[in-house]
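One structure below.
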Amino acid sequence: MAPELLNKVLVHGRRAGRIVEVEAYRGEHDPASHAFRGRTERNATMFGPPGRLYVYFTYGMHWCANAVCDEPGVAGAVLLRALAPLRGAEAMRRARPAARRDTDLCSGPAKLCQALGIDRDQDGADLVNGRGGVSIVDDGMAPPSNPVVGTRVGISVATEVDWRFSVPGDPNRSRPW
DNA sequence: ATAGAGATTGCCT
DNA sequence: GGCAATCTCTATA
Numbered sequence: 000m001a002p003e004l005l006n007k008v009l010v011h012g013r014r015a016g017r018i019v020e021v022e023a024y025r026g027e028h029d030p031a032s033h034a035f036r037g038r039t040e041r042n043a044t045m046f047g048p049p050g051r052l053y054v055y056f057t058y059g060m061h062w063c064a065n066a067v068c069d070e071p072g073v074a075g076a077v078l079l080r081a082l083a084p085l086r087g088a089e090a091m092r093r094a095r096p097a098a099r100r101d102t103d104l105c106s107g108p109a110k111l112c113q114a115l116g117i118d119r120d121q122d123g124a125d126l127v128n129g130r131g132g133v134s135i136v137d138d139g140m141a142p143p144s145n146p147v148v149g150t151r152v153g154i155s156v157a158t159e160v161d162w163r164f165s166v167p168g169d170p171n172r173s174r175p176w
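Under numbering that gives the first Met the number 0, the first sequence has 158 at position 159, and the numbering climbs by one with no breaks.
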């Protein structure tokens with residue numbers, strides 16, 4: 000699912016961006032996943048139906064968003080790590096005054112949430128029918144045929160699996176590859 | 001009850 | 001390149 004989400008469009012209100020970097024998290028069988036030790040109040044959305052948005056708070060100050068990708072009762076999600084701004088760049092700049100260039104607006108999992116105005120209120124939003132305000136749409140651009148593949152970042156366990164995917168060469172990606 | 005680390009970012013040197 | 005911000009959860013006592 001993770002590489003299939005590349006080049007899809009994340010939409011919240013008038014703001015939208017093309018997904019250019021993701022990471023896969025495999026729930027209860029993945030030591031790096033929030034769901035590894037089972038269901039909690041925080042990660043409950045990951046155990047719900049697929050096609051929903053799992054939003055979590057981390058490091059005491061940041062929100063990050065995932066697309067839930069496994070059947071009800073089975074945790075599994077794709078972390079959205081970077082977007083190429085498509086619409087509403089003005090609003091994104093207002094939401095992220097620290098961004099010096101437009102490539103700083105959505106070039107990280109917490110940056111894109113700040114830019115699009117995603118927080119706890121959007122946790123559980125239905126990405127398919129837009130209920131909850133956030134959706135992921137297919138505007139006809141296919142996923143890259145040769146996505147860049149690498150190890151996940153910011154974790155201390157299960158660092159060996161290549162579950163990070165990005166659109167080759169996109170300047171909005173969160174880090175150098 | 002309390003300590004420690006975390007799917008990060010921005011500001012500092 | 002180092003470090004603070006300070007919520008949520010886990011481990012330990």
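We treat Cβ as the ideally placed atom computed from N, Cα and C, and that holds for glycine.
Thinking just about the alpha-carbon of each residue, which of 170, 151 and 171 is nearest to the one in residue 163? Closest by C-alpha distance to residue 163, out of 170, 151 and 171, is 151.
How about the stretch 2 to 14 and the stretch 127 to 143: do they share at least three Cβ pairs that are nearer than 8 Å? Yes: at least three Cβ pairs fall under 8 Å.
C-beta contact flag for residue 145 and residue 83 at 8 Å: no
Cβ atoms of residue 27 and residue 76: under 8 Å apart, would you say? no
Measure the Cβ-Cβ separation of residue 57 and residue 123 and say whether it is below 8 Å. It is not a contact, given that the beta carbons lie outside the stated cut-off.
Contact check, residue 21 vs residue 118, beta carbons under 8 Å: By the CB criterion at 8 Å, residue 21 and residue 118 fall outside the cutoff.
Once you ignore the five residues that flank residue 92 on each side, which residues in its own chain have a CB closer than 8 Å to its CB? 98, 101 and 104
Proximity below 8 Å, CB of residue 126 to CB of residue 72: Taking the C-beta atoms as reference points, residue 72 is found no nearer than 8 Å to residue 126.
Can you tell me where the alpha helix (DSSP H) with residue 63 in it begins and where it stops? It is not in any alpha helix (DSSP H) - residue 63 instead sits in the beta strand (DSSP E) that spans 61 to 67.
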